[in-house]
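Written below as structure tokens is the structure these notes are about.
Protein chains: 2
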Amino acid sequence: MQFYLLSSIKFNNFIVNNKSIIIFKIHQFLKMDISAILDQIFQLPQESKKNLLLTTNLVCYPKGHIILKAGKVESSIYFIKKGIVRAYIDEDNSDATFWFGKEGETIISMKSYVENQNGYENIELLEDCELYELKTADLDRLFNSDIHIANWGRKFAERELIKTEERLISKLFKNASERYIDLLKNNPELIQRIQLGHIASYLGITQVSLSRIRAELK
Amino acid sequence: MQFYLLSSIKFNNFIVNNKSIIIFKIHQFLKMDISAILDQIFQLPQESKKNLLLTTNLVCYPKGHIILKAGKVESSIYFIKKGIVRAYIDEDNSDATFWFGKEGETIISMKSYVENQNGYENIELLEDCELYELKTADLDRLFNSDIHIANWGRKFAERELIKTEERLISKLFKNASERYIDLLKNNPELIQRIQLGHIASYLGITQVSLSRIRAELK
DNA sequence: TGCTTTTTTTATCATTTGTTAAATTTATTC
DNA sequence: GAATAAATTTAACAAATGATAAAAAAAGCA
């Protein structure tokens, strides 16, 4: 067995030399398989779950890939097995991030799906991703033939609605610093995994403002 | 037939005497019956619609009534036949309005309904209201027994989600003036029917800021 | 009608957030 | 590992929004 001794390594902004005892905080983000993803939305009967599972299909795309494009009607939704993504709207000369999705979450353009109109959001993969793809045509067929799946879809939309309403309320009535602290508390992985420019946009402030807030918290 | 002649009446901030030709802008907000309300969410088959109709019950409450209270699990939802309401969160010494409902819309505490937890919002009637009440227990029974109603409920949540997400994006990336102009364009009745303090809160600004914005637009 | 209360506006000053540009740090590439 | 590019921080000033108080207007009521 061979040991590689480093004279010093940089870890979480601290320089730690090789004589220190290092307690590693493992940043391992576990994969989430399709069965667990479906279950967390709503526990389906075996038969229904099987039908839903049979229509999904594992696909992989690299970091940077745009999996869902503004200005078109999308024909698939995706469940995230591994990786992290952002939804953003094209602005004049920058872009505006309004949602992040990580393992277990669902990528869908609601506007496009529900209203059969062009969606307004792009979805970009911020890491290499493994996704379960589900065709909206298959999903519609299942919604119309299986009451459990219909209620599973209802629960999904209801839960997303609560999350979105809570973010709206937070943005309406809290200041930028409070919103950042809330994010730090409730979603620390996002801040670890996503660059601060996107985080700032998600909080509805500029990157410079976020940097100032972070400096004040030190 | 008898005529009542008024020497002058006050109308839309203008004093108009009885010799003037008055072009009335009728502020008549039509009642919306339950059948039309259900249809606008999703066209149900006759049989399903009948089942849903049979479980609703018309109730009336006066302006100022709090029909849904924070800190409890609610057992009913309501469809608005006539009137206008606001959802708000109690703050230290004021309150924060984050949603308005008018004819055709649905009053529900999603948090309370979906998670069976205490809701965070109060809902106050801003006018005398006529509402169709629907017990959540009945609704659950229908969701689990009628696939069309389950999909109707899914569509409802999906549509609400889109509206809420659009408001979030608007609050994240537009300034107060733009948001006010959007509201003026897309929901002029709200500004006519609701006092500006509540409108300001809904836009996520103070009443004083809204007043300033209105002055600039003159 | 006149009185009282509530809502809205106006004014002044404080605070927060945005803008621009440069410096620094971190990541990427050859 | 050095060079380059990208991300983040810092600084200085501008603009937007908040807080408080007072004035004006509108609404409610006896």
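Protein chains in written order, with this note's numbering: chain V, 0 to 217; chain X, 0 to 217. Built from N, CA and C at the ideal position, the CB exists for glycine as well.
Inspect the beta-carbon positions of residue i and residue j and report whether they are closer than 8 Å.
{"i": "I122 of chain V", "j": "L67 of chain V", "result": "yes"}
{"i": "Y201 of chain X", "j": "F41 of chain X", "result": "no"}
{"i": "F99 of chain X", "j": "I190 of chain X", "result": "no"}
{"i": "L130 of chain X", "j": "G63 of chain X", "result": "no"}
{"i": "S47 of chain V", "j": "T135 of chain V", "result": "no"}
{"i": "T163 of chain V", "j": "L167 of chain X", "result": "yes"}
{"i": "G118 of chain V", "j": "E90 of chain V", "result": "no"}
{"i": "N143 of chain V", "j": "N50 of chain X", "result": "no"}
{"i": "R153 of chain X", "j": "G152 of chain V", "result": "yes"}
{"i": "F172 of chain X", "j": "A95 of chain V", "result": "yes"}
{"i": "G82 of chain V", "j": "E126 of chain V", "result": "yes"}
Please report whether the beta-carbon of residue i lies at a distance below 8 Å from any beta-carbon of chain V.
{"i": "N50 of chain X", "result": "no"}
{"i": "L43 of chain X", "result": "no"}
{"i": "L141 of chain X", "result": "no"}
{"i": "G203 of chain X", "result": "yes"}
{"i": "R166 of chain X", "result": "yes"}
{"i": "K30 of chain X", "result": "no"}
{"i": "I193 of chain X", "result": "no"}
{"i": "T163 of chain X", "result": "yes"}
{"i": "I88 of chain X", "result": "yes"}
{"i": "E159 of chain X", "result": "yes"}
{"i": "R153 of chain X", "result": "yes"}
{"i": "A136 of chain X", "result": "no"}
Could you check whether the Cβ of residue i sits closer than 7 Å to any heavy atom belonging to the ligand FMN?
{"i": "V72 of chain V", "result": "This structure lacks the ligand FMN, and indeed carries no ligand of any kind."}
Measuring CA to CA, which of the options is closest to residue i?
{"i": "Q45 of chain V", "options": "V:E90, V:V58, V:Q206 and V:H147", "result": "V:H147"}
{"i": "I204 of chain V", "options": "V:D181, V:N115, V:N186 and V:K170", "result": "V:K170"}
{"i": "V58 of chain V", "options": "V:E90, V:E114, V:L133 and V:E120", "result": "V:L133"}
{"i": "Q116 of chain X", "options": "V:N115, V:E102, V:R158 and V:L209", "result": "V:R158"}
{"i": "L220 of chain X", "options": "X:R178, X:I168, X:E188 and X:E104", "result": "Since the first and last residues shown for chain X are 0 and 217, residue 220 of chain X lies out of range."}
{"i": "M31 of chain V", "options": "V:N150, V:L43, V:K80 and V:Q39", "result": "V:K80"}
{"i": "Q206 of chain X", "options": "X:A175, X:T55 and X:K49", "result": "X:A175"}
{"i": "A197 of chain V", "options": "V:S34, V:Y87 and V:I33", "result": "Checking the sequence, you will find His at residue 197 of chain V rather than Ala. It is V:Y87 whose Cα lies nearest to the Cα of H197 of chain V."}
{"i": "L29 of chain V", "options": "V:K101, V:Q39 and V:A69", "result": "V:K101"}
{"i": "C128 of chain X", "options": "X:G103, X:M109 and X:S208", "result": "X:G103"}
{"i": "S111 of chain X", "options": "V:D181, V:E114, V:F155 and V:I161", "result": "V:I161"}
{"i": "S108 of chain X", "options": "V:I36, V:E165, V:S208 and V:Y60", "result": "V:E165"}
{"i": "I36 of chain V", "options": "V:N92, V:F155, V:E114 and V:P61", "result": "V:F155"}
{"i": "S34 of chain V", "options": "V:F78, V:P61, V:Y60 and V:I65", "result": "V:F78"}
Determine the burial state of residue i: buried for a count of at least 16 other Cβ atoms within 10 Å of its Cβ, exposed for fewer.
{"i": "I212 of chain X", "result": "buried"}
{"i": "K24 of chain X", "result": "In this prediction, K24 of chain X scores a pLDDT of 34, lower than 50, which makes its location untrustworthy; the coordinate-derived value is nonetheless stated afterwards. So K24 of chain X ends up on the exposed side."}
{"i": "V84 of chain X", "result": "buried"}
{"i": "A214 of chain X", "result": "exposed"}
{"i": "D137 of chain X", "result": "buried"}
{"i": "D145 of chain V", "result": "buried"}
{"i": "K71 of chain V", "result": "exposed"}
{"i": "K184 of chain X", "result": "exposed"}
{"i": "L195 of chain V", "result": "exposed"}
{"i": "L4 of chain X", "result": "Reliability of the predicted coordinates at L4 of chain X is poor, the pLDDT of 28 falling under 50, and the value obtained from them is presented with this limitation in mind. So L4 of chain X counts as exposed."}
So, does the CB of residue i fall closer than 8 Å to a CB anywhere in chain X?
{"i": "A149 of chain V", "result": "yes"}
{"i": "I83 of chain V", "result": "no"}
{"i": "K110 of chain V", "result": "yes"}
{"i": "V207 of chain V", "result": "no"}
{"i": "F252 of chain V", "result": "With chain V running from 0 to 217 in the structure shown, residue 252 of chain V is simply not present."}
{"i": "E46 of chain V", "result": "no"}
{"i": "V113 of chain V", "result": "yes"}
{"i": "I146 of chain V", "result": "yes"}
{"i": "F97 of chain V", "result": "yes"}
{"i": "A156 of chain V", "result": "yes"}
Could you tell me which whole beta strand (DSSP E) segments of length 3 or greater appear in the segment 32–86 of chain X? Here the runs fully enclosed are 55–60, 65–67 and 75–81.
Pick out the complete beta strand (DSSP E) segments inside the segment 148–200 of chain X, 3 residues or longer, and give them in chain order. none
Ignoring anything shorter than 4 residues or poking outside the segment 93–124 of chain X, list the alpha helix (DSSP H) runs there in chain order. The alpha helix (DSSP H) runs lying completely inside the segment 93–124 of chain X and spanning 4 residues or more are 109–114, given in chain order.
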